[in-house]
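First residue of the sequence shown? That's 1 in full-length UniProt numbering, and the numbers climb one at a time after it. Everything below concerns the one structure shown next.
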Amino acid sequence: MDLYHLEASAPARACRLVAAAVGQPLNLKTVNLFEKEQLQDWFIKLNPQHTIPTLVDGDFCLAESRAIMCYLVNKCKPDSPLYPKCPQARALVDRYLYFDMGTLYKSLAEYFYPKIMSGAPLDPEKETKLKDALGFLEAFLGDNDYLVGKEVTLADIAVATSLTMTEVMNYELPAKIDAHYKRVQKFPHWAEINDKGIEAMRAFLNKNKA
Numbered sequence: 001m002d003l004y005h006l007e008a009s010a011p012a013r014a015c016r017l018v019a020a021a022v023g024q025p026l027n028l029k030t031v032n033l034f035e036k037e038q039l040q041d042w043f044i045k046l047n048p049q050h051t052i053p054t055l056v057d058g059d060f061c062l063a064e065s066r067a068i069m070c071y072l073v074n075k076c077k078p079d080s081p082l083y084p085k086c087p088q089a090r091a092l093v094d095r096y097l098y099f100d101m102g103t104l105y106k107s108l109a110e111y112f113y114p115k116i117m118s119g120a121p122l123d124p125e126k127e128t129k130l131k132d133a134l135g136f137l138e139a140f141l142g143d144n145d146y147l148v149g150k151e152v153t154l155a156d157i158a159v160a161t162s163l164t165m166t167e168v169m170n171y172e173l174p175a176k177i178d179a180h181y182k183r184v185q186k187f188p189h190w191a192e193i194n195d196k197g198i199e200a201m202r203a204f205l206n207k208n209k210a
């Protein structure tokens, strides 16, 4: 399988974590968004939405990181607890994947990306939306170690990988979320896959501070 990615992309790193967990080797192909490589004709033919990550498995092409994560488990290790077979547990994992995509990751990106990528000042209104999203996440966690059940699922991986942006920015997380984040960091290959991406984002931040 080929994964078109960028080291700095948190969603792409989430896919890589899942691939490693299910034993699926990936042929990593870097697409440099900052050089607009995603707008080249060859990539638009592959993915008309020209987004990363994009997975190619033979003649099958799939974009959207959370869909890719589900596909990897379904194809490579369908009995994995990462994506439970119980309809209710799986529905909850899906719910939190959608929450990550549409609420949490969105609020993180809208608040932090302008600062990281161009040195723009942080927008207090965007922080309000981020705090709202973090409040929802706290409520979803309750007194549990993980979002669904008693072990890591795709939902935890997606959410925690999104939260790597807070590490780049030294943004303090609520205690309950911080504990969950640290718990998920014990997942196999976490540091190996995420550390370079976090450093890449820090490099952009420091470059734009200068």
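Ideal Cβ placement from N, Cα and C applies to all residues, glycine included.
Tell me where the beta strand (DSSP E) around residue i begins and ends.
{"i": "TYR171", "result": "It is not in any beta strand (DSSP E) - TYR171 carries neither H nor E in the DSSP assignment."}
{"i": "LYS29", "result": "27-30"}
{"i": "LEU163", "result": "Per DSSP, LEU163 belongs to no beta strand (DSSP E) and is neither H nor E."}
{"i": "LEU3", "result": "2-5"}
Starting from residue i, trace the alpha helix (DSSP H) in both directions and tell me its first and last residue.
{"i": "ASN208", "result": "190-209"}
{"i": "CYS70", "result": "65-76"}
{"i": "MET12", "result": "Checking the sequence shown, residue 12 turns out to be Ala, not Met. That run of the alpha helix (DSSP H) goes 10-21."}
Is it buried or exposed, residue i, if we count other Cβ atoms within 10 angstroms and call 16 or more buried?
{"i": "ASP79", "result": "exposed"}
{"i": "GLY23", "result": "exposed"}
{"i": "PRO25", "result": "exposed"}
{"i": "CYS70", "result": "buried"}
{"i": "LYS115", "result": "buried"}
{"i": "GLN40", "result": "exposed"}
{"i": "PRO87", "result": "exposed"}
{"i": "TYR98", "result": "exposed"}
{"i": "ASN194", "result": "buried"}
Residue i: which of the options sits nearest, CA to CA?
{"i": "SER9", "options": "TYR171, PRO174, TYR146 and ARG202", "result": "ARG202"}
{"i": "GLU192", "options": "LEU46, LEU3 and GLU7", "result": "GLU7"}
{"i": "TRP190", "options": "ASP156, LEU205 and ASN208", "result": "ASP156"}
{"i": "residue 212", "options": "ASN206, TYR146 and LEU72", "result": "Past the boundaries of the shown model lies residue 212; the chain is included only from 1 to 210, so the question cannot be answered."}
{"i": "PHE136", "options": "PRO84, ASN27 and LYS176", "result": "LYS176"}
{"i": "LYS131", "options": "THR166, TYR98 and TYR146", "result": "THR166"}
{"i": "GLU151", "options": "PRO84, ASN206, PHE34 and TYR105", "result": "PRO84"}
{"i": "LYS29", "options": "GLU35, ASP2, GLY58 and ASP57", "result": "ASP2"}
message: Taking 8 Å as the cut-off, does the region 125-144 touch the region 61-70 (at least 3 CB pairs, one atom from each stretch)?
response: no
task: Would you check if there are 3 or more beta carbon pairs closer than 8 Å linking the region 13-26 to the region 155-172?
output: yes
task: Pair every Cβ in the region 45-53 with every Cβ in the region 107-124, then say whether three or more of these pairs are closer than 8 Å.
output: no
- request: Give a yes or no on contact between the region 77-92 and the region 103-111, applying the rule of three or more CB pairs nearer than 8 Å.
  value: With contact defined as three or more Cβ pairs closer than 8 Å, the region 77-92 and the region 103-111 are not in contact.
- prompt: Can you list the alpha helix (DSSP H) stretches of 4 or more residues lying completely in the region 45-132, in chain order?
  reply: 65-76, 87-99 and 105-118
message: Below 8 Å, how does it come out for the region 134-152 and the region 167-180: are there three or more Cβ pairs, yes or no?
response: yes
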